[in-house]
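Data first, discussion second: the structure below is written as structure tokens.
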Amino acid sequence: MYVIDIYNSKKRHITIGTNKEKKLSLDIYQISAQGPLEELLNECIEGQFSTTLTSKQKLSLLKMLRKRRPAFAIGEEPLGRIRGNDIELYLDVESPYPTMFRRPPYPASLETRKEIEEHINELLGMDVITKIGHNEIVEITTPVLITWNYGNSRLCGDFRALHSYTKADRYPIPRIPHALDKLAKAKNITKMDCMKVSARI
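Take 1159 as the starting number for the sequence shown in the working numbering and just add one per residue.
Have a look at this one:
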């Protein structure tokens, strides 16, 4: 025997068996079905979308972002990478390379050295760089810390010595007027901020 209490109570009750005085309470949950647009928006919660976009345009954009999901990094995930388009540099010299490639680190204060170590540990954690042993012979660059006025910093490499021995790439750089001509009929412009963009190359 089943008796369900549907009177104006905050909870619903159900009785099993012949004992009507013993009631089992049931909590009430409201299930809201999310559409495809809401689900995709939850994935891109940090993104800012123009208020002029229609729902159809926003859904199309979000679907494209989901399709290209491996190109982006979120939280502790590895950096997104462009695969299949490796860049090769050709040098005018062969190994053993000139000693100027292996310059000692530049003098740095304790605070600067601490920041450099933090950047190196961060890049190691992102699998951007690989730690080597003391006995390995490699050609490395000298790390340089670039600091901006608002306190943030970026770890760069001093490749000036390498540039003097690198064969020039004759591929023409796209001209800005040509790029603007292609954008003349664009309806929407998208800007994306990439984390550690120089480390993705």
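Each residue gets a CB set at the ideal place from its N, CA and C atoms; glycine is no exception.
Candidates the options, of which the one nearest residue i by Cα
{"i": "Tyr1323", "options": "Gln1206, Arg1227, Leu1247, Pro1263", "result": "Leu1247"}
{"i": "Leu1268", "options": "Glu1276, Pro1262, Val1251", "result": "Glu1276"}
{"i": "Tyr1329", "options": "Tyr1308, Ile1245, Leu1341", "result": "Ile1245"}
{"i": "Thr1257", "options": "Asp1285, Leu1320, Leu1303, Gly1283", "result": "Leu1320"}
{"i": "Pro1265", "options": "Gly1283, Leu1303, Val1286, Leu1282", "result": "Leu1303"}
{"i": "Asp1327", "options": "Leu1223, Leu1249, Thr1210, Gln1206", "result": "Leu1249"}
{"i": "Arg1318", "options": "Pro1263, Gln1206, Ala1344, Phe1259", "result": "Phe1259"}
C-alpha distance - residue i paired with residue j, whole-angstrom precision
{"i": "Pro1301", "j": "Lys1325", "result": "23 Å"}
{"i": "Tyr1271", "j": "Ile1278", "result": "Correcting the residue type first, residue 1271 is Arg in the shown sequence and not Tyr. When rounded, the distance between both Cα atoms is 10 Å."}
{"i": "Pro1332", "j": "Lys1349", "result": "19 Å"}
{"i": "Lys1225", "j": "Gln1215", "result": "15 Å"}
{"i": "Gly1309", "j": "Tyr1255", "result": "37 Å"}
{"i": "Asp1339", "j": "Val1251", "result": "41 Å"}
{"i": "Leu1219", "j": "Thr1288", "result": "36 Å"}
{"i": "Ser1208", "j": "Ile1290", "result": "46 Å"}
{"i": "Asn1346", "j": "Met1284", "result": "33 Å"}
{"i": "Pro1228", "j": "Leu1282", "result": "20 Å"}
{"i": "Ala1342", "j": "Gln1206", "result": "23 Å"}
{"i": "Lys1221", "j": "Glu1280", "result": "31 Å"}
{"i": "Ser1213", "j": "Arg1261", "result": "56 Å"}
{"i": "His1336", "j": "Thr1210", "result": "27 Å"}
{"i": "Leu1223", "j": "Ala1344", "result": "19 Å"}
{"i": "Ser1311", "j": "Ser1253", "result": "34 Å"}
Residue range of the alpha helix (DSSP H) that includes residue i
{"i": "Ile1331", "result": "Run containing Ile1331: none; DSSP gives neither H nor E here."}
{"i": "Arg1123", "result": "Here the chain has residues from 1159 to 1359 only, and residue 1123 is not among them."}
{"i": "Gly1283", "result": "1268-1283"}
Range of the contiguous beta strand (DSSP E) that encloses residue i
{"i": "Ile1304", "result": "1300-1305"}
Reduced DSSP secondary structure (H/G/I, E/B, other) of residue i
{"i": "Thr1210", "result": "coil"}
{"i": "Leu1247", "result": "coil"}
{"i": "Thr1348", "result": "coil"}
{"i": "Arg1224", "result": "helix"}
{"i": "Arg1253", "result": "The sequence shown places Ser at residue 1253, not Arg. Coil, per DSSP."}
{"i": "Arg1261", "result": "coil"}
{"i": "Leu1341", "result": "coil"}
{"i": "Cys1314", "result": "strand"}
Whole-angstrom C-beta distance between residue j and residue i, which should lie under 8 Å
{"i": "Thr1299", "j": "Gly1315", "result": "4 Å"}
{"i": "Leu1313", "j": "Ile1274", "result": "6 Å"}
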